[in-house]
Structures are given as C-alpha cells and as structure tokens.
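428 is the number that our numbering gives the last residue of the sequence shown; the numbers go up by one with no jumps.
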Amino acid sequence: MADKASLSLNGDSFDYDVKPGTVGPDVIDIRKLYGQTGAFTFDPGFTSTASCESKITYIDGDQGILLHRGYPIEQLAEQSSFMEAAYLLLHGELPSKSEFDTFTYTISRHTMLHEQLATFYRGFRRDAHPMAIMCGVVGALSAFYHDSTDITDPHQRMVASHRLIAKMPTIAAMAYKYSIGQPFLYPDNSLSYTGNFLRMTFGVPAEEYVVDPVIERAMDRIFILHADHEQNASTSTVRLAGSSGANPFACIAAGIACLWGPAHGGANEAALNMLREIGTVDRIPEYIARAKDKNDPFRLMGFGHRVYKNYDPRAKVMQKTANEVLEKLGVDDPIFDVARELEQIALKDEYFVEKKLYPNVDFYSGVILSAIGFPTSMFTVLFALARTTGWVAQWNEMISDPDQKIGRPRQLYTGATQRDYVPVGQR
Ligand code: SDX
C-alpha cells in the first residue's frame, strides 16, 4: 500500500502518512488534518476509525480470524487455560511453568474482598440486576484499595490489575448469592480460578461442593472466548476513561456499564430470552420475518457483528462446547434445537446472507450457561468477569503508550447559531 494519502479540499491538497500494521488494514495518520484543513473527519460509531495502536488482539472479520498476541482463539480454547490466556494478554507471551505458577499464586492471593465490601450488597434490593451490583461494587473498589490507584506507578498498576482479575469471580459469585438469598462463600484457593468461581457460585456452607471437571473445563473455555476482542465498545470505554487518568477500578466499572447494553455484552442474556420467546422450531419463520422488517425494532440477538462478516470463530467453539455440556449433563434442552435450527434458516436467508450476518459469541453461550445452572441475569456478569482480563491488558497498554493523550472527540455541529436571550415576558 502507498506510504502517503492525499486529500484535496477547497482547492488545496494535503498529504498524510500511511502507517502499516503487522497484519490487517493500514491506517491513514490524520492527526494533523484539523490543523491543516480546519475540517474534522466524521465517523459516528467509528466504523472506519482506529482509535489506538495495539499489540494485544487482532480480528480479521472477513476471514473470521481472532488472534490473541498472535495465537488463534481456537488453539487457546482447545489447549490453554483462562489463567494462561490472562497472562498472555497481560504480558504478551505464553508463560514458562515458573512464570505461570507465580502468576496463578499471585492471583489466588487476591481473591478475597475487603470484608466491608460485603455490606455493599445489602444496600441493593434482592431483585437488583446483578450487572447493577457489578457496576456498584467494582466502582467501590477504589474506595478500599487506595494503595493501587496511582496509575503513574507501574507496580501499583500491576497490583490493581491482579486485584481486578482475582476479585471479579468473588464479586460475581456474591452478586448471584445475594440475588437468591444464600450466604456468601469465601474463596478456596486450593481450587483453580474457574473451579473457585463455580464453588463460590453453586456451593453452600452446609455441604461440600465438588467441582465437576467437565463443567470446570467448559466454563474456563467460555472465559477464554470472552477474554478480549480489540477495541469493542466496552474496551474503548475503559480506554477513554483511563485516558483522563481515572483509577483502574473506576475504568473497569465504566467498561462493565457499557458491556451491559443488549447490543454488546447484554446480547447473551437477550439471545437466550429471545430463544425462549420463540420456544419452538415452528415459530422461527415469524421471528426471522420480524428481524428483516425495517419497521420492527426486533433484531436476531446473538447475530451480526461490526467486524465479523463471516462466522465469529468464538461462536463455532461455543456451539461445540454446548454440545459437550448438554451431553455430559444429559440435558435435552429444546432451546438448543431452536438455536441450531434458527442458525440454519438464517444462514440460508438472503437478508442475512446479503448483510453478512452470522452467529456471534453471544448466540450459543446462553444455552450452555443455562444448562450449567446460571440464570439469564448472570450471563453478562460472566462476560464481564472474563473481559476484565482484556480490559486490564488494554488499559495497561494505553497507560504505557507514549502517544496516549486524553480522548476528546469533536463533532459536526448543526444546532442554532448564536442568538440573544429573550426574557420570558417577550417570548
Ligand atoms: C458483542 O465489538 C465487539 O467486538 C463486540 C463483541 C466483543 O467480544 O466485545 O464481539 C461482543 O457485542 C457481540 C455482538 C452482540 N450483539 C448482538 O448480538 C445484538 C444483535 N446484533 C446487532 O445489534 C448488530 O449486529 C451489532 C450491534 C452487533 C452490530 O451492529 P453494526 O455493526 O452497527 O451494524 P448495523 O446495525 O449497521 O447493521 C447492518 C445491517 C442493518 O441493516 P440496514 O440498516 O443496513 O438495512 O444489518 C442489520 C441492520 O438492521 N442487522 C440485523 C442484525 N444485525 C444487524 N438485522 C437483524 N438482526 C440482527 N441481529
């Protein structure tokens, strides 16, 4: 590709550097454009805008490729663990055995919450949406861990990163326990990261909880599939919040709030609710028609993606995992049949083919999570738990970027031009 791009405006011509990526689209560096032309670029939704330079995750939407630090998601899901993937995202390389042991030991030593944070839960109604609790409790972490909020100190940044990765399962499990009126369980660090989460979620003080290795493996794989995804809406929110110098706990709370939306992380909850509303295979055509109807706001939840115009590679791994979990649990959930039939019908429908709408990560995840025993209201919480690792890695990368500055977009103003105030008696 050329190393320069030219723009002509009002008879003048302006040249801009083209910066190549190691893979994927090059970028046109327009940082001087406003100063030279007096005009802004206009790109609501950032469909053609690179907000930063990153080395963490690469997506090829046309090929359906997802790489974390160069490793394909299919290989990580099959051969790695969520803790190893977390190390990879944070540090850029797969860990040696001793690096991995040190990392998992460090994470395990941060799984407990300050005891006073448990009282935060009692301020919520029992029927509060768990994501509302996550926004509140994660944001409150900055009121307790002052010794890891100085973002100029690399040591404090790493301590905050470890605390966030380690405490999310505890906070998430507590949100679930609170919603069902059961007591909180403390972490048991003799278990794996994911096994610990399953025990805190489904265990009770009255009985020993034995982690099912098949469920533990499926859950760990689901966490890997949700760990990071380049500059999606919630990651961009974390970066934007971090660009002002906000502390890491506040930045992750901002990411959780953004992820909650049904167009983003909230889609897994919405997708399962949609499958339940469809209920049976014979009702699928009615919903396909609604999804295609411009006058109907209904969309096929779990379908479509800003970047993937091919299969979301995570959806394929998720479907395979759903098969395994349902078989292991002996669950014959008609919802899974509806999901598979809906996918087949949609993929043959010219509307979805023409608009390149394929299942995304959220389409099958709810079937698995429901089979494991999570209520739909916990689905996005699980997404946030896993994505915290990606958010933390992206936040660290942004803070360490010498080019980073506070994010402050401009606008196309089409409001009123200047006019004088009119006293109420003269209006
Ligand atoms: C996630 O960015 C990420 O990486 C996100 C994520 C991550 O890991 O962080 O991958 C996680 O958020 C996955 C997406 C989960 N959301 C859903 O499943 C909700 C349903 N999907 C859509 O709302 C939509 O597909 C988006 C929001 C995901 C993407 O929207 P875009 O890129 O802004 O595309 P668009 O809305 O402009 O849609 C293009 C066309 C439109 O038709 P036209 O106006 O061109 O005629 O496709 C149509 C849309 O109406 N369309 C759909 C559809 N998705 C898009 N029509 C029916 N059903 C759908 N699901």
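The beta carbon of each residue, even a glycine, is placed where N, CA and C say it ideally should be.
In chain order, what residues of the same chain lie with their CB nearer than 6 Å to the CB of residue i, ignoring the 5 residues before and after it?
i, result
"D151", "Q157"
"M275", "M302"
"D4", "V19"
"K293", "Y352"
"K357", "K310"
"F224", "F83, A387"
"I407", "S244, S245"
"Q232", "S52"
"A207", "none"
"M399", "R240, G243, Q405"
"Y17", "A6, I29, D30, I31"
Just to confirm my understanding: we take residue i, look at its own chain, exclude 5 residues before and 5 after, and list those with CB closer than 7 Å. What are they?
i, result
"G25", "Y59, D61"
"H111", "H163, R164, A167, K168"
"D338", "V282"
"R300", "A292"
"V323", "At residue 323 the sequence reads Ala, which differs from the Val that was named. F337, Y365, V368, I369, listed in sequence order."
Quick one: Cα of residue i to Cα of residue j, how far?
i, j, result
"G204", "G22", "47 Å"
"A161", "V28", "33 Å"
"E79", "R222", "8 Å"
"L327", "G246", "45 Å"
"E94", "S49", "29 Å"
"I346", "P298", "20 Å"
"L142", "A176", "15 Å"
"L271", "S193", "It should be noted that the sequence gives Ala, not Leu, for residue 271. Rounded to whole angstroms, A271 to S193 spans 30 Å at the Cα level."
"S401", "S244", "11 Å"
"G426", "E54", "56 Å"
"P170", "E355", "40 Å"
"Y288", "T281", "11 Å"
"M510", "I279", "For the chain, the structure presents residues 2 to 428; residue 510 sits outside this window and is missing."
"F375", "M220", "11 Å"
"R291", "D350", "13 Å"
"R218", "Q320", "15 Å"
"K317", "A268", "17 Å"
"D154", "G196", "32 Å"
"Y432", "R123", "For the chain, the structure presents residues 2 to 428; residue 432 sits outside this window and is missing."
"K329", "G65", "29 Å"
"Y146", "E116", "12 Å"
"F121", "H265", "27 Å"
"N11", "G262", "41 Å"
Kindly list the residues whose CB is nearer than 8 Å to the CB of residue i, restricted to its own chain and excluding five residues on each side of it in sequence; keep chain order.
i, result
"A173", "P131, M135, F198, T202, M379, V382, L383, A385, L386"
"D128", "S180"
"K178", "P184, F185, L186, M201, T202"
"A242", "A251, C252, A255, G256"
"R409", "none"
"D334", "L327, V368, S371, A372"
"L348", "V354, Y359"
"S14", "S7, L8"
"N190", "S109, R110, T112, N197"
"P403", "none"
"K56", "R70, G93, E398"
"Y35", "F41, R411"
"I285", "I279, V339, E342, L343, I346"
"Q37", "F15"
Check whether the Cβ of residue i lies closer than 8 Å to any Cβ atom in chain B.
i, result
"M399", "Structure shown: chain B not included; a single protein chain is present."
For the putative contact between residue i and residue j, defined by C-beta atoms under 8 Å, what is the C-beta separation to the nearest angstrom?
i, j, result
"P45", "L165", "The Cβ separation is near 31 Å, so there is no contact."
"L67", "P314", "5 Å"
"I108", "H163", "6 Å"
"L91", "N397", "7 Å"
"L413", "F43", "5 Å"
"R411", "F125", "Going by Cβ atoms, the distance from R411 to F125 rounds to 39 Å, so no, they are not a contact pair."
"T377", "L273", "5 Å"
"R277", "I336", "6 Å"
"L118", "V139", "Between V139 and L118 the Cβ distance is about 10 Å, and since that is not below 8 Å, they are no contact."
Mind checking whether the beta-carbon of residue i lies closer than 7 Å to any heavy atom of ligand 3?
i, result
"N361", "This structure simply doesn't include ligand 3; it includes ligand 1 instead."
Query - the region 71-87 touching the region 225-239, judged by at least three CB pairs closer than 8 Å - result: yes
**Report entry** Any 3 or more C-beta pairs closer than 8 Å across the region 205-216 and the region 233-241
**Finding:** no
Query raised in the report: Should the region 77-95 be called in touch with the region 103-113, which here means at least 3 C-beta pairs below 8 Å?
Result: yes
Query raised in the report: Does the region 304-312 come close enough to the region 349-362 that 3 or more CB-CB pairs lie under 8 Å?
Result: yes
Requested in this report: Determine, using beta-carbon pairs with one atom in the region 337-346 and one in the region 391-399, whether at least three such pairs fall under 8 Å.
Outcome: no
Query raised in the report: Counting Cβ pairs, one atom from each stretch, are 3 or more of them under 8 Å apart for the region 251-268 and the region 413-420?
Result: no
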